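Engineer:
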Amino acid sequence: MATPFLRTTRSLQADNNYSLAGLLIAIILALLWVHWFLTAKITSYEISQTLYVTDKENLSSQFTQGLGANRIQTMRKRLLVAEFPPKAIANIHPGQSAWVQLDKQTTLIPATVIKISTGPTKGTVELRAEMDAAVPNPFEKGEGGCVKIEVDNVTPATLVLRASGLLTETPSLTSSSQTQND
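In terms of the numbering used here, the sequence shown is numbered consecutively and its last residue is 1310.
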């Protein structure tokens, strides 16, 4: 039996409102994703091969202001030396932020790059870790660990362009560290 024409047009009109709402939601979600894709920052790090804790440490006092009162805060400054491959040294500059993780600890200690020395097989980076002297000293001379130095902040769009080879000012990313033999 045939459906009357009047019923089919009513059902199309009723469905049209739901499809417009769904289309509007899909457009809003797509715009939010494009905004994230073009503006989100992804931090790239260079990670050290080895870390040496030196015995060079000094304490300095400084005034801090909090809740309307001034107080003296003593800071512990420790010199650290990390080794990096020569390729990584090209991305490291004095003043960059770094995070130190010692072998026997899970907490990250903030540090700053202060000096860079290059060599034929490896480069050394001197860092200054600064922390409140009131907390227990986490450093022991000679203790190892690793250092992560922030070298770049890129968007997901930049990563896609680098991987595709369209962004030629930086090397394209490789999907595997293994080489393929043909």
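C-beta atoms are modelled at their ideal positions from N, C-alpha and C, and glycine is treated no differently. Just so we're clear, the structure is a prediction, and the values are computed from it rather than from any experiment.
(1) Based on the DSSP secondary-structure assignment, which residues constitute the bridge partners of V1241?
(2) Which term fits G1293, buried or exposed, when burial requires 16 or more other beta carbons within 10 angstroms of its beta carbon?
(3) Which class does V1162 belong to by DSSP, given the choice of helix, strand or coil?
(4) By DSSP's criteria, V1209 is part of a beta bridge. Which residues make up the other side?
(5) What do you reckon, are the CB atoms on L1295 and V1275 nearer than 8 Å?
(6) Which residues share a DSSP beta bridge with V1275?
(7) Rounded to whole angstroms, what's the CA-CA distance from I1156 to H1163? Just pull it up for me.
(8) How far does the alpha helix (DSSP H) with I1217 in it reach, from first residue to last?
(9) What are the partner residues of N1265, as DSSP defines its beta bridges?
(10) With T1286 as the anchor, note down where its alpha helix (DSSP H) starts and where it stops.
(11) Measure how close the beta-carbons of Y1173 and V1209 come, nearest whole angstrom, since I'm counting them as under 8 Å.
(12) Out of P1238, V1288, H1221, K1215, state which residue places its alpha-carbon closest to the alpha-carbon of Q1229.
(13) How far does the beta strand (DSSP E) with T1171 in it extend, from its first residue to its last?
(14) Short of 6 Å in beta carbon distance, which residues of its chain neighbour L1236, apart from the five on each side in sequence? Order them along the chain.
(15) Compare the Cα-Cα distances from V1282 to each of K1184, A1154, L1151, F1165 and report the closest residue.
(16) Would you grab the beta carbon distance between G1251 and I1244 for me? Rounded to a whole angstrom, and I think it's under 8 Å.
(17) Less than 8 Å separating the beta-carbons of I1170 and P1266?
(18) Which residue from G1273, M1259, V1288, D1280 puts its Cα closest to that of N1186?
Structural biologist: Taking the definition as stated:
(1) Taking the sequence shown and counting its residues from 1, the one referred to as residue 1241 is at position 113. Among the bridge pairs identified by DSSP, V1241 is matched with L1255.
(2) Against the sequence shown, residue 1293 aligns to sequence position 165. Flag for G1293 reads exposed.
(3) As a first step, residue 1162 is located in the sequence shown; it is residue number 34 there, counting from the start. Helix.
(4) Counting from one through the sequence shown, the residue named residue 1209 turns up at place 81. Looking at the DSSP assignment, V1209 forms a beta bridge with Y1180, E1254.
(5) Here residue 1295 is taken as the residue at index 167 of the sequence shown, counted from 1. Here residue 1275 is taken as the residue at index 147 of the sequence shown, counted from 1. By the CB criterion at 8 Å, L1295 and V1275 fall outside the cutoff.
(6) Taking the sequence shown and counting its residues from 1, the one referred to as residue 1275 is at position 147. According to DSSP, V1275 bridges with V1228.
(7) Your numbering for residue 1156 matches position 28 in the sequence shown. Your numbering for residue 1163 matches position 35 in the sequence shown. Distance between the alpha carbons of I1156 and H1163 is about 11 Å.
(8) For this step, residue 1217 is matched to residue 89 along the sequence shown. Where I1217 is concerned, the enclosing alpha helix (DSSP H) stretches over 1214-1217.
(9) The residue labelled residue 1265 in the question sits at position 137 within the sequence shown. According to DSSP, N1265 bridges with nothing at all.
(10) Your numbering for residue 1286 matches position 158 in the sequence shown. Counting along the chain, the alpha helix (DSSP H) containing T1286 begins and ends at 1284-1292.
(11) Indexing the sequence shown from 1 puts residue 1173 at position 45. Indexing the sequence shown from 1 puts residue 1209 at position 81. 18 Å between Cβ atoms; not a contact.
(12) Start at 1 with the first residue of the sequence shown, and residue 1229 comes out as number 101. Q1229 has its Cα closest to that of P1238, out of P1238, V1288, H1221, K1215.
(13) Residue numbering aside, residue 1171 sits at position 43 when the sequence shown is read from its first letter. Residues 1170-1175.
(14) Residue numbering aside, residue 1236 sits at position 108 when the sequence shown is read from its first letter. So the list reads W1227, Q1229, once near-sequence residues are dropped.
(15) To locate residue 1282, count along the sequence shown from 1; it is residue 154. For the residues K1184, A1154, L1151, F1165, the minimum Cα distance to V1282 belongs to F1165.
(16) Taking the sequence shown and counting its residues from 1, the one referred to as residue 1251 is at position 123. Taking the sequence shown and counting its residues from 1, the one referred to as residue 1244 is at position 116. With a Cβ gap of about 7 Å, G1251 and I1244 count as contacting.
(17) In the sequence shown, residue 1170 corresponds to position 42, counting from 1. In the sequence shown, residue 1266 corresponds to position 138, counting from 1. No, the pair does not count as a contact, with Cβ atoms beyond the cut-off.
(18) In the sequence shown, residue 1186 corresponds to position 58, counting from 1. The closest CA to that of N1186, considering only G1273, M1259, V1288, D1280, is found on M1259.
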